[in-house]
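Peer 1:
Residue numbers (the working numbering): 497 to 575.
This is the structure in structure tokens:
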């Protein structure tokens with residue numbers, strides 16, 4: 497549902513065609529859809545239409561934006 501809503505929103509923007517050309521992935525690939533939903537829910541903001549798809553189709557990007565807490569830093573804060 498997140499992916500569908502984002503796709504509809506991005507399709508309405510004036511530079512949507514250029515964004516689709518840059519993104520270029522298969523919009524119906526389940527792995528890319530899951531990644532787009534995850535990074536959107538985690539707060540990835542788009543600078544151009546379909547940037548989330550471009551981000552998720554690039555093998556060099558990390559696919560999980562969950563902040564990781566350094567356990568030693570957390571322990572030190574309690575001392």
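Glycine included, every Cβ here is placed at the ideal spot set by N, Cα and C.
Predicted model only: the values in this text are computed from it and were never measured.
What are the boundary residues of the alpha helix (DSSP H) that residue 508 is part of?
Peer 2: From DSSP, the alpha helix (DSSP H) with residue 508 extends over 498-508.
Peer 1: May I have the straight-line CA-CA distance separating residue 522 from residue 539, to the nearest angstrom?
Peer 2: Using only the alpha carbons, I get a separation of about 22 Å.
Peer 1: Can you check which of these residues, 547, 533, 509 and 505, is closest to residue 499 by C-alpha distance?
Peer 2: The option with the nearest alpha carbon to residue 499 is 533.
Peer 1: Nearest CA to the CA of residue 516: which residue from 546, 551 and 552?
Peer 2: The candidate whose alpha carbon is nearest that of residue 516 is 546.
Peer 1: Per DSSP, what kind of secondary structure is residue 551 in: helix, strand or coil?
Peer 2: Helix at residue 551.
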